[in-house]
Structure formats: C-alpha cells, structure tokens
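One structure below.
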Amino acid sequence: MTRIPIVGGNWKKHLDLQGGLGLASGLRNRIGSHRATQVVVYPPYPLLHPVFAKLRDSAIRVGAQDLHPGPEGAYTGAVSAKMLRSVGCTSVLVGHSERRSVFGDSDHLVAEKLSAALDAGLDPVLCVGETLDERQASRTFEVLARQLEVALSGRRAADLGRLVLAYEPVWAIGTGVTATPEQAQEVHAWIRGRIGSLFGPAFAGGLRIQYGGSVKPGNAAGLITQADIDGALVGGASLDAASFVGIVHACSRG
Ligand code: PGA
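Counting from 1 along the sequence shown, just add 5 to a position and that's the residue number in this note's numbering.
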C-alpha cells in the first residue's frame with residue numbers, strides 16, 4: 006500500500022511572531038508547492054493563526070503541539086480542539102514525550118486528547134516512545150504496547166482514518182543521538198504489527214508512522230528508506246528553513 010510520507014516540524018517553545026513568520030515565509034518559498042511529501046508545521050499557540058495566514062495558499066499545513074480535551078469551559082490556560090480548528094489547524098500532536106514527562110500527561114489523558122482531536126476532525130499524531138532506562142531494561146515493546154493500547158483500545162478502525170503515529174525514542178529527542186535506521190525499523194515494524202492485531206492488516210498497512218528524534222538532513226534518507234518508516238517528526242532541525250527543507254526532500258519517495 007502506498008503511504009504518502011509526512012514530515013512535521015515541531016517548533017516547540019521557540020520563535021516569536023517575527024521569527025515564526027520569517028521561517029514560514031522561507032518554507033513557503035522553497036516547498037510551498039511541494040506535494041510529494043505532506044508537510045505540517047507545529048508553531049506555538051500564539052503563532053498558529055499568523056503562520057496559517059502566511060501559508061494559506063501553499064501545500065504546507067499547520068498543526069498544534071497539544072490541546073486540552075473536552076469542549077470550552079473554565080480551564081485557565083487551556084485550548085480546545087474547536088479553537089484550533091478555528092485558527093486554521095488541521096493537525097495536532099498528542100502525547101509528545103515532553104508533554105508526558107514535563108507536564109505529566111498520563112496515558113489516559115493522552116487518550117482523552119486523542120478523542121477530542123478525532124471528534125473535532127483534526128488529524129492527530131499520536132507520539133509514543135521509550136526512555137533510555139526502559140530501553141536498557143529491555144522494556145521498549147512493553148512500554149509501547151501500553152501507550153498504544155491505552156490510547157487506542159475501544160476505538161474502531163473506521164474512526165481512525167485521520168490517525169498518524171510517531172515513534173520517538175525519548176533518548177533520541179534533542180540529544181543528537183538518533184536511532185539507527187535498523188533500530189527504528191525494528192520498532193516501526195513491531196508497531197505496525199501491533200496495530201494490525203488491534204485493527205486488522207489493511208488498516209495497519211495504510212497507517213503512516215513517522216520517526217522522531219534528532220532527525221537531520223544527513224540522516225533522514227537512511228531512515229525513510231526503511232520499509233515501515235513513513236516520514237519524520239522534526240524538532241531542532243525544523244527551526245532552520247534550509248535543514249527542514251533538506252529533510253522534506255530526503256523524505257520524498259519516488
Ligand atoms: P528533535 O525533536 O528533532 O529536536 O530531536 C524531535 C521531537 O521532539 O519531535
């Protein structure tokens with residue numbers, strides 16, 4: 006099954022309005038009409054609408070780094086899926102490891118966020134990954150199984166057509182230590198198998214699984230040529246237009 010590669014740029018807590026608009030312009034000029042790879046940028050909340058306006062007539066989509074589950078209400082500081090839709094977002098990250106470790110997002114909260122995103126018609130990118138301690142204790146697959154099952158159990162494949170997964174080993178995020186293509190492929194293949202046992206092989210075969218963790222222009226091609234790696238979720242290297250564009254081109258198949 007053909008899976009269109011997807012590359013995300015997670016700007017995290019970087020860039021002010023001027024910097025974000027500058028980066029968006031650079032991306033629009035270089036890859037604004039690029040369609041061989043689906044490109045999504047994830048600016049901080051205050052930049053979502055201005056960046057969306059800058060990219061409106063391009064092929065680059067805009068997503069949010071997080072959301073709060075449930076509808077509007079008295080939740081100071083929180084942002085709903087509907088608000089994200091209203092400022093041009095089509096996608097949202099859910100369960101990024103920094104949300105899990107810094108902000109305490111539990112597997113159950115991640116599941117609620119995923120529901121809110123799906124209900125609102127956003128394309129959720131469910132991020133999963135093990136820490137270094139978990140990998141060294143040979144618990145990688147146990148951790149991933151739990152993260153996937155709590156987030157996805159009880160759902161129907163028909164409701165998950167918008168879902169994208171991101172495998173992001175925590176030990177590779179922002180460290181400069183990337184998983185080798187073989188290490189990443191081993192896990193991606195395992196995840197696809199697990200998804201197949203939950204939702205059937207046809208669904209699993211069409212599901213895109215991004216790799217994230219110190220992806221750079223120089224290592225992206227080695228990762229994307231692996232059978233089960235369908236793109237990249239990029240942090241640090243997405244803040245520079247030239248490096249991000251290099252990754253997007255490296256991830257374009259065929
Ligand atoms: P990194 O971040 O590319 O800076 O390692 C990846 C991510 O957190 O998605």
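We put the CB at the ideal spot given by N, CA and C, even for glycine. Remember, predicted model here, so these are calculated numbers, not experimental data.
- Message: Is the beta carbon of residue 171 closer than 8 Å to that of residue 240?
- Response: The residue labelled residue 240 in the question sits at position 235 within the sequence shown. The residue labelled residue 171 in the question sits at position 166 within the sequence shown. For residue 240 and residue 171, no; Cβs fall outside 8 Å.
- Query: Cβ of residue 96 versus every heavy atom of the ligand PGA: is any distance shorter than 7 Å?
  - Reply: Taking the sequence shown and counting its residues from 1, one reaches residue 96 at position 91. No.
- Task: Please indicate yes or no: does the CB of residue 101 lie closer than 7 Å to some heavy atom of the ligand GTP?
- Result: The model on display carries the ligand PGA but not the ligand GTP.
- Assign residue 202 to buried or exposed, taking buried as 16 or more other Cβ atoms, counted over all protein chains shown, within 10 Å of its Cβ. On the sequence shown, position 197 is the one that residue 202 refers to. Result: exposed.
- Query: Are the beta-carbon atoms belonging to residue 49 and residue 23 less than 8 Å from one another?
  - Reply: Counting from 1 along the sequence shown, the entry for residue 49 is found at position 44. Counting from 1 along the sequence shown, the entry for residue 23 is found at position 18. It is not a contact, given that the beta carbons lie outside the stated cut-off.
- Item | Beta-bridge partners of residue 43, as assigned by DSSP | In the sequence shown, counting from the first residue as 1, residue 43 sits at position 38. Answer by DSSP bridge pairing, in chain order: 11.
- Query: Where do the ends of the alpha helix (DSSP H) carrying residue 138 lie?
  - Reply: Counting from one through the sequence shown, the residue named residue 138 turns up at place 133. Counting along the chain, the alpha helix (DSSP H) containing residue 138 begins and ends at 137-141.
- DSSP beta-bridge partners of residue 172: Walking along the sequence shown from the start, residue 172 turns up at place 167. Paired residue(s): 133, 216.
- Task: Check whether the Cβ of residue 248 sits closer than 7 Å to any heavy atom of the ligand PGA, and report yes or no.
- Result: As a first step, residue 248 must be located in the sequence shown, where it is residue number 243. No, the ligand PGA has no heavy atom inside 7 Å of this Cβ.
- Task: Could you give the DSSP three-state label for residue 66: helix, strand or coil?
- Result: Locating residue 66 in the sequence shown gives position 61, counting from the first residue. The answer is strand: DSSP assigns residue 66 an E or B state.
- Message: Which of the three DSSP states is assigned to residue 56 in this structure?
- Response: Against the sequence shown, residue 56 aligns to sequence position 51. In this structure, residue 56 counts as helix in the three-state DSSP scheme.
- Item | residue 91 versus 127, 45, 100, residue with shortest Cα-Cα distance | As a working mapping, residue 91 is identified with position 86 in the sequence shown. Answer by Cα proximity: 127.
- Message: At a cut-off of 7 Å, would you count residue 173 as near the ligand PGA, judging by its Cβ distance to the nearest heavy atom?
- Response: Position 168 of the sequence shown, counted from the first residue, corresponds to residue 173. Yes, the Cβ of residue 173 comes within 7 Å of a heavy atom of the ligand PGA.
- Between residue 259 and residue 16, what straight-line distance do the alpha-carbon atoms span, to the nearest angstrom? Working through the sequence shown from its first residue, we reach residue 259 at position 254. Working through the sequence shown from its first residue, we reach residue 16 at position 11. Below a pLDDT of 50, predicted positions are generally treated as unreliable, and residue 259, at 49, falls in that range; the measurement from the model is reported next regardless. If I take the Cα positions, the gap works out to 28 Å.
- Query: Taking three-plus beta-carbon pairs below 8 Å as touching, is the segment 136-152 in contact with the segment 225-240?
  - Reply: no
- Message: Can you find the residues in the same chain that come closer than 7 Å, C-beta to C-beta, to residue 33, ignoring five residues on each side of it along the sequence?
- Response: Translated into positions along the sequence shown, residue 33 becomes position 28. The answer, listed in chain order, is 59, 60, 63, 65.
- Query: For residue 219, is the beta carbon positioned less than 7 Å from some heavy atom of the ligand PGA?
  - Reply: The residue you call residue 219 lines up with position 214 of the sequence shown. Yes, the beta carbon of residue 219 sits closer than 7 Å to at least one heavy atom of the ligand PGA.
- Item | DSSP-derived helix/strand/coil call for residue 263 | This structure gives no information on residue 263, because the portion of the chain shown stretches from 6 to 259.
- When burial is assigned at 16 or more other CB atoms within 10 Å of the CB, is residue 187 buried or exposed? Within the sequence shown, the letter at position 182 stands for residue 187. So residue 187 counts as exposed.
- Item | For residue 181, three-class secondary structure by DSSP | Taking the sequence shown and counting its residues from 1, one reaches residue 181 at position 176. The answer is coil: DSSP assigns residue 181 none of H, G, I, E or B.
- Query: In terms of DSSP beta bridges, what is residue 210 paired with?
  - Reply: Mapped onto the sequence shown, residue 210 falls at position 205. Bridge partners of residue 210: none, in fact.
- For the segment 81-138, list the beta strand (DSSP E) runs that are entirely contained and at least 3 residues long, ordered along the chain. 96-99, 128-133
- Item | Three-state secondary structure assigned by DSSP to residue 198 | Counting from one through the sequence shown, the residue named residue 198 turns up at place 193. Looking at residue 198 - three-state DSSP - the assignment turns out to be helix.
- Query: Between the Cα of residue 211 and the Cα atoms of 231, 190, 195, 235, which residue gives the shortest distance?
  - Reply: Here the question's residue 211 lines up with position 206 in the sequence shown. Comparing Cα positions, the closest option is 235.
- Query: Using 8 Å as the limit for Cβ to Cβ distance, is residue 168 near chain D?
  - Reply: Going by chain labels, chain D is absent from the structure shown, which holds only one protein chain.
- Out of 42, 75, 88, which has the shortest C-alpha to C-alpha gap to residue 290? The question about residue 290 has no answer here: the residues shown for the chain are numbered 6 through 259.
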